[in-house]
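Asks: Quick mapping for you: the protein sequence lines, in order, are chains A and Y. Position 1 of the first sequence, counting from 1, maps to 5 under my numbering, and the rest follow consecutively. Position 111 of the second sequence, counting from 1, maps to 112 under my numbering, and the rest follow consecutively. Once you've had a glance at the structure underneath, I'll fire off some questions.
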Amino acid sequence: AQSVTQPDIHITVSEGASLELRCNYSYGATPYLFWYVQSPGQGLQLLLKYFSGDTLVQGIKGFEAEFKRSQSSFNLRKPSVHWSDAAEYFCAVATWGGSQGNLIFGKGTKLSVKP
Amino acid sequence: GAGVSQSPSNKVTEKGKDVELRCDPISGHTALYWYRQRLGQGLEFLIYFQGNSAPDKSGLPSDRFSAERTGESVSTLTIQRTQQEDSAVYLCASSLVVGPTEAFFGQGTRLTVV
């Protein structure tokens with residue numbers, strides 16, 4: 005069955021430090037992968053997506069993610085974190101149908117930023 | 002409309018009352034999802050509509066929860082005899098086509114059962 009795992013429930017980084025949020029997926033075919041961000045009290049906003057092609061994808065707000073098929077991973081990175089990046093981050097895989105429709109979400113990683 | 006619209010944005014109801022939450026998807030989007038997000042928790046899948054196919058109700062937590070969608074337009078999520086554990090943000094999302102594609106989310110309805 006398709007699934008998405010975000011191993012880190014909560015991460016705290018200092019402002020200006022680099023960030024990597026982990027995401028592993030389980031899906032038999034070519035995955036379509038997404039990272040969404042949810043700021044406090046807000047809905048989910050798409051940060052970036054991978055459908056095909058270059059395995060390093062750039063997103064909004066200075067984020068990037070790298071698709072590694074051999075590791076079934078799609079980790080999100082940012083070289084220098086800003087206080088406004090404090091939010092919850094969700095990784096998702098889109099599939100051709102499944103028990104939850106076409107979208108499977110991870111449980112999320114909450115990012116806190118220290119001044 | 003330009004985005005997914007949900008109403009009301011906030012709803013406070015008394016335990017035992019029924020509530021209806023509304024979602025207006027992006028025009029032309031065939032797929033529509035409902036999720037529940039309890040305080041400090043991740044997304045909990047509730048139900049999924051795809052065009053005129055039978056909805057996938059596998060995530061509905063109890064028979065007090067139901068949802069309808071007319072064609073490819075508005076959806077309503079109904080919670081009957083609300084309980085305090087139903088307090089959460091209910092998020093709606095829509096996507097354009099069948100198969101792998103990105104979903105667009107509404108701002109959610111914050112439901113508080115007192």
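Ideal Cβ positions, reconstructed from N, Cα and C, are used throughout, including at glycine.
On a CA-only basis, which of A/L48, A/N28, A/L37, A/T99 is nearest A/Q75? Give me that one, please.
Replies: The residue labelled residue 75 of chain A in the question sits at position 71 within the first sequence. Nearest of A/L48, A/N28, A/L37, A/T99 to A/Q75, Cα basis: A/N28.
Asks: Report buried or exposed for Y/R37, applying the criterion of at least 16 other Cβ atoms within 10 angstroms of its Cβ.
Replies: For the purposes of this step, residue 37 of chain Y is taken as residue 36 along the second sequence, with counting starting at 1. Y/R37 should be labelled buried.
Asks: So A/W39 packs on A/G63, CB below 8 Å; how close in whole Å?
Replies: What you label residue 39 of chain A is simply residue 35 of the first sequence in a count that begins at 1. What you label residue 63 of chain A is simply residue 59 of the first sequence in a count that begins at 1. For A/W39 against A/G63, the beta-carbon gap comes to about 7 Å, under 8 Å, which counts as contact.
Asks: State buried or exposed for Y/P26, treating a residue as buried only when at least 16 other CB atoms are found within 10 Å of its CB.
Replies: Here residue 26 of chain Y refers to the residue found at position 25 when the second sequence is read from its first residue. That one is buried.
Asks: Does DSSP classify Y/K12 as helix, strand or coil?
Replies: As a first step, residue 12 of chain Y is located in the second sequence; it is residue number 11 there, counting from the start. Note: Y/K12 maps to strand in three-state DSSP.
Asks: For A/Q6, go through chain Y and note every residue whose CB falls closer than 8 Å to its CB, in chain order.
Replies: Position 2 of the first sequence holds residue 6 of chain A. Those within 8 Å of A/Q6 in chain Y number zero; the least Cβ separation is about 11 Å.
Asks: Is any non-hydrogen atom of the ligand COA found closer than 8 Å to the C-beta of Y/W35, if you look at the structure I gave you?
Replies: Of the ligands one can find in the structure shown there are none, so the ligand COA has no counterpart to examine.
Asks: For Y/P101, would you say it is in contact with chain A, using Cβ-to-Cβ distances shorter than 9 Å as the test?
Replies: Residue mapping note: residue 101 of chain Y aligns to position 100 of the second sequence, counting from 1. So, interface residue.
Asks: Below 7 Å on C-beta distance, what does A/G47 contact in chain Y?
Replies: If you number the first sequence from 1, residue 47 of chain A lands on position 43. Near A/G47 (Cβ distances below 7 Å), the residues of chain Y are L92, F106, G107, Q108, G109.
Asks: Need the endpoints of the beta strand (DSSP E) that A/H14 sits in, please.
Replies: For this step, residue 14 of chain A is matched to residue 10 along the first sequence. 14-18 is the extent of the beta strand (DSSP E) around A/H14.
Asks: Once the 5 residues before and after A/Y54 are set aside, which same chain residues still bring their CB inside 6 Å of it?
Replies: What you label residue 54 of chain A is simply residue 50 of the first sequence in a count that begins at 1. Excluding sequence neighbours, A/Y54 sits near L37, V61, F71.
Asks: Quick check: what's the CA-CA separation for Y/N53 versus Y/T83?
Replies: If you number the second sequence from 1, residue 53 of chain Y lands on position 52. If you number the second sequence from 1, residue 83 of chain Y lands on position 82. Going from the Cα of Y/N53 to the Cα of Y/T83 covers about 29 Å.
Asks: Give me the residue from Y/K58, Y/S8, Y/V115 with the minimum Cα distance to Y/Y34.
Replies: Here residue 34 of chain Y refers to the residue found at position 33 when the second sequence is read from its first residue. Of the candidates Y/K58, Y/S8, Y/V115, the one whose C-alpha sits nearest the C-alpha of Y/Y34 is Y/K58.
Asks: Provide the residue(s) that pair with Y/R117 in DSSP beta bridges, ordered along the chain.
Replies: Residue 117 of chain Y is absent from the model: chain Y starts at 2 and stops at 115.
Asks: Which bits of chain C does Y/L44 rub up against, with CB to CB less than 7 Å?
Replies: Judged by its chain identifiers, the structure shown contains no chain C, and its protein chains are A and Y.
Asks: With Y/R111 as the anchor, note down where its beta strand (DSSP E) starts and where it stops.
Replies: The sequence position of residue 111 of chain Y within the second sequence is 110, counting from 1. 110-114 is the extent of the beta strand (DSSP E) around Y/R111.
Asks: Helix, strand or coil for Y/Q84, going by three-state DSSP, please let me know.
Replies: Translated into positions along the second sequence, residue 84 of chain Y becomes position 83. Coil at Y/Q84, not helix or strand.
Asks: Assuming Y/A3 is part of the beta strand (DSSP E), what are its boundary residues?
Replies: As a position in the second sequence, residue 3 of chain Y is number 2, starting the count at 1. Looking at the DSSP string, Y/A3 is not in any beta strand (DSSP E), and its letter there is neither H nor E.
Asks: Any beta carbon of chain A sitting closer than 9 Å to that of Y/S76?
Replies: On the second sequence, residue 76 of chain Y is found 75 positions in, with the first residue counted as 1. Y/S76 does not count as touching chain A.
Asks: Looking at the unbroken beta strand (DSSP E) that takes in Y/N53, where does it start and where does it end?
Replies: Against the second sequence, residue 53 of chain Y aligns to sequence position 52. No beta strand (DSSP E) contains Y/N53, which DSSP labels as neither H nor E.
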